[in-house]
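> Sharing a structure with you now.
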Amino acid sequence: MGERVITYGEALREGQAECLRADPDTYLIGLGVPGPTGIFGTTKGLVDEFGPDRVLDMPSSEGGMSGIALGTSICGLRPIIVHMRVDFAVLSMETLVNQAAKWHYMYGGKMRAPLTVRMIIGRGWGQGPQHSQSLQAWFAHVPGLKVVMPATAKDAKGMLISAVEDDAPVILFEHRWLYGVTGEVDEGYTKEPLDGARVLRTGRDVTLAGYSYMALESLRAAQLLEQVGVDAEVIDLRSLTPIDTATLGASVGKTGHFVVSDTGHAAYGAVSEVASAVVERNFADLKRAPVRIGLPDVPTPTTPALADHFYPGPREIAQQVLDLLGSDRQLPPEAEDPRPWKDVPDMSFTGPY
Amino acid sequence: MAGSMDQQTPDTQPRPVVTVLDSTHRAEADVRIAMYREALRIRLVEDEIVARYGEQEMRCPTHMCIGQEAPPVGVSAHLQPQDYVFSAHRSHGHYLAKGGDLKAMIAELYGRATGCASGKGGSQHLIDMDAGFLGSAPILASTISVGVGAAWAARRRGEDRVVAIYFGDGATEEGAFHEALNFAGVNRLPVVFVCENNLYSVHSQLDMRQPAHRTVKEIGPVHGVEALSGDGNDIDEVWRLGRYAVERARSGANPVLLEFFTYRWKEHCGPLEDGHLGYRSEEEIESWRKRCPVTTYAQRLSEEQVLGDEAAQAMRAEIDAEVAQAFEFAKSSPFPELAELDRDVFPGRGAI
Ligand SMILES: Cc1ncc(C[n+]2csc(CCOP(=O)(O)OP(=O)(O)O)c2C)c(N)n1
Ligand SMILES: [Mg+2]
């Protein structure tokens, strides 16, 4: 049988369908989940197969609804709650941080809160200061929450299924620009582990590690670097809790150079934690200080004239690598870009979304 | 006007609303003409955004208020320059009716340096401090409590200021709405809460989200907030209720919640129609279009001989010219320079 290729968005949809099919206690809830556009297509049509009792809309009450979902989860149900933007999930911080994260520990291991929370990171077309935040580091800071960021279609499906099976609260951060990315995904109830990094490309000169969309941008940077004779290893970090120091250590032991990228702000961000972990473990292997790449210390500007300079991309990563290696090689000239602005992943996006 | 609306001192008794709201009462002719002009202006601005959005130069999420022009027009007719307005994601009409600068708004949608937020906010973050439009933000219900805070500040500083806060039916499901109402009610703050109930939150119908037979209006009194509801497509009716509410708030009597039933014509976000999505019927959309707040008002003013055809045409031509100028201004304005990216994260931390 040939490999089956589907998009990241379709993979998420399949993952949820598998969970709903496998366990009658699983349900899916969120603003617009059963609606006609179905969370950018990721929940579209599920209500037809599983019914309005298991695929639910909700009032605009992120705070209360997260507590209600938590309440159902400690009583045997397995909710998947969806937030169209991370920025909206901020209203559920109390439940997640004070309650869900701690109930297993705080009650001496008696309580379980198998809650799965999907949070979508917006980007582009002027998503701006309140529709594009990438706050995974906030949640990873709290013991008791598992935070993962699938970058491939296979992981989108497999990690979602594992998240629902897991007895701890798990938060999946999904970058909106991954939804159209395709990859091989098996049919059926296919799990992928919630932890462990994955080597996407082997190389010997430098290790490029990235979360989510930045793992793909790191791959693109590696392709640029190849053209100037730099052989980069690329690692998809996948999980914030825990960080896979073994895979990172093996790579840095080989390359001696480390660059880590994330979709969030660099300051106090996931990149800082990953870089510290690598320095602690592989200090002797590092030939130069690691480089952290993330968003600058400013809110997301709406106008594309500024947003285009806000997000680091493959060229920025590649240039940082050349600087790190002390190379004065010039990157190949930028390919002709049909997009008037870089605020859309490709020309099929004509806004708004 | 009924004498009870003229009282100066705070009143501790809830008053029977019907006796002070004579439904036949109308604004003076010049006020009605001005309100019609503002409603038409909002419509023509929105129409032009719709016409040009496909050019892909307004690159930000944009929520059209076509069909919902009456509430901002009828409420703002009673607001003074020192009064404040807060809004959410669907804010163009609220901004314009309070006197927000049109050119700066269009430039903001075009992401230009001359925009009301230097291009950093877009359609979802309009602001005009001079006009007393203190801001719009799209996180549901968030600006409701901020607006209550503005009213509390006015009270504490002894300022004569009413704060009008606009939001949708969906926003009333957030805890922040109830908390804000409670505090305003406890402290009798000079707030007019304006709920534009357009029956939908994105594609979700009201009956899934809120109990049947419980209107938003009913939430007010339990929090000490007097509440009224009315036809949100009828400018005269909004004006009547708005007058009562603003006067009650200004006199220090109590905050008032106004619920206006109205309807969004376009898709939730963006310039297109959305009947094909099937979450609302074409018949329903059509029935509301027939009750267009702008054209029905034009008709009424014409029938009542308040506004003649010639004057109406001249008015329209004037607005057309103003709208064209605003778009020209926006499109010929520069984009912010790169240094703007780092500017204004903190007050006083300028890049130059
Ligand atoms: C806290 C939060 N949750 C979800 C959203 C997404 N959202 C944006 S507008 C909207 C619908 C709001 O409906 P309503 O308040 O009735 O306003 P309308 O769009 O109908 O004018 C939703 C759910 C949001 N902006 N903020
Ligand atoms: Mg609504």
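Chains as they are written, first to last, in our numbering: chain A, 1 to 353; chain B, 1001 to 1352.
C-beta atoms are modelled at their ideal positions from N, C-alpha and C, and glycine is treated no differently.
1) Starting from the N-terminal end, write out each residue whose C-beta falls within a distance shorter than 6 Å of any non-hydrogen atom of ligand 2.
2) If you check the beta carbons only, do B/Ala1029 and B/Asp1236 fall under 9 Å apart?
3) Could you check which residue in B/Ser1281, B/Ala1312, B/Glu1284 and B/Arg1280 has the C-alpha nearest to that of B/Thr1295?
4) Which runs of the alpha helix (DSSP H) at least 4 residues long sit entirely within the segment 1261-1329 of chain B? Give them in chain order.
5) Which bits of chain A does B/Tyr1166 rub up against, with CB to CB less than 7 Å?
6) Given this structure, state the Cα-to-Cα distance separating B/Ala1176 from B/Leu1134, to the nearest angstrom.
7) Would the C-beta of B/Ile1165 count as close to ligand 1, meaning under 8 Å from any of its heavy atoms?
8) Kindly indicate if chain B contains any beta-carbon less than 9 Å away from that of A/Asp343.
9) For a cutoff of 9 Å on Cβ pairs, would you count B/Phe1335 as touching chain A?
10) Determine the DSSP secondary structure at A/Asp262, reduced to helix, strand or coil.
11) Quick one: residues in its chain with C-beta nearer than 6 Å to the C-beta of B/Tyr1263, no 5 flanking neighbours on either side, listed in chain order?
12) Just grab the DSSP bridge partners of A/Ile121 for me.
13) Pairs of beta-carbons, one from the segment 286-295 of chain A and one from the segment 260-273 of chain A, closer than 8 Å: are there three or more?
14) Helix or strand or just coil, what does DSSP make of B/Val1031?
15) Could you name the residues that DSSP lists as bridge partners for A/Asp26?
16) Considering only residues of the segment 1051-1078 of chain B, which uninterrupted alpha helix (DSSP H) runs meet the minimum length of 4 residues and lie entirely inside it, listed in chain order?
17) If we ignore side chains and look at the alpha-carbon of each, how far apart do A/Gln16 and B/Trp1239 end up?
18) Are there any heavy atoms of ligand 1 lying less than 8 Å away from the beta-carbon of A/Gly32, as far as the coordinates show?
19) Please report the residue range of the beta strand (DSSP E) in which A/Lys146 lies.
20) Between A/Gly51 and chain B, is the shortest Cβ-Cβ distance under 9 Å, so that the two count as touching?
21) Quick check for students: name the residue ranges of the beta strand (DSSP E) that lie wholly in the segment 1235-1261 of chain B, counting only runs of 3 or more.
22) Quick check on A/Met58 - is its C-beta less than 9 Å from some C-beta in chain B?
23) Report yes if the C-beta distance between B/Glu1174 and A/Glu62 is below 9 Å; otherwise report no.
24) On the premise that A/Ile161 lies in contact with A/Glu18, defined as a C-beta separation below 8 Å, what is that separation, rounded to the nearest angstrom?
25) Compare the Cα-Cα distances from A/Leu331 to each of A/Ala221, A/Ile243 and A/Lys342 and report the closest residue.
26) Since B/Val1148 is in the alpha helix (DSSP H), which residue starts that stretch and which ends it?
27) Starting from the C-beta of A/Arg339, find all residues in its chain whose C-beta is less than 7 Å away, skip the five residues before and the five after it, and write them out in chain order.
28) Does the beta carbon of A/Met84 fall short of 8 Å from some heavy atom of ligand 1?
29) Check the Cβ of B/Lys1103 against every Cβ in chain A and list those closer than 7 Å, keeping chain order.
30) Quick test of your reading: A/Thr7 and A/Thr116, contact by CB under 8 Å. State the CB separation rounded to the nearest angstrom.
31) By the three-class DSSP mapping on this structure, what secondary structure does B/Ala1227 have?
32) Quick one, which of B/Ser1142, B/Lys1103, B/Ala1039 and B/Val1050 has its alpha-carbon nearest B/His1094's?
According to the structure shown:
1) B/Gly1168, B/Asp1169, B/Gly1170, B/Asn1198, B/Tyr1200 and B/Ser1201
2) no
3) B/Ala1312
4) 1282-1290 and 1293-1303
5) Result: empty, since nearest Cβ-Cβ is about 16 Å, beyond 7 Å.
6) Roughly 18 Å between the two C-alpha positions.
7) B/Ile1165 has its CB no nearer than 8 Å to any heavy atom of ligand 1.
8) It does: the Cβ of A/Asp343 has a partner Cβ on chain B nearer than 9 Å.
9) yes
10) strand
11) For B/Tyr1263, where only same-chain residues beyond five positions count, the Cβ hits under 6 Å are Gly1067, Asn1198 and Trp1288.
12) According to DSSP, A/Ile121 bridges with A/His175.
13) yes
14) Helix.
15) This sequence places Thr at residue 26 of chain A; Asp is not what is there. Answer is A/Arg78, bridged to A/Thr26.
16) Runs of the alpha helix (DSSP H) lying entirely within the segment 1051-1078 of chain B and spanning at least 4 residues, in chain order: 1070-1076.
17) C-alpha separation (whole angstroms): 50 Å.
18) yes
19) Looking at the DSSP string, the run of the beta strand (DSSP E) that includes A/Lys146 is Lys146 to Val148.
20) no
21) With a minimum length of 3 residues, the continuous beta strand (DSSP E) runs that stay inside the segment 1235-1261 of chain B are 1256-1261.
22) At a cut-off of 9 Å between beta carbons, A/Met58 contacts chain B.
23) Yes. Within cutoff.
24) At roughly 6 Å, the Cβ-Cβ gap stays under 8 Å, so A/Glu18 and A/Ile161 are in contact.
25) A/Ala221
26) Ser1142 to Arg1156
27) Met347
28) yes
29) Within 7 Å Cβ-Cβ: nothing; B/Lys1103 doesn't reach chain A, min ~16 Å.
30) Not quite, the Cβ-Cβ distance comes to about 20 Å (not below 8 Å), so this is no contact.
31) strand
32) Of all alpha-carbon atoms in B/Ser1142, B/Lys1103, B/Ala1039 and B/Val1050, the one lying nearest the alpha-carbon of B/His1094 is that of B/Ala1039.
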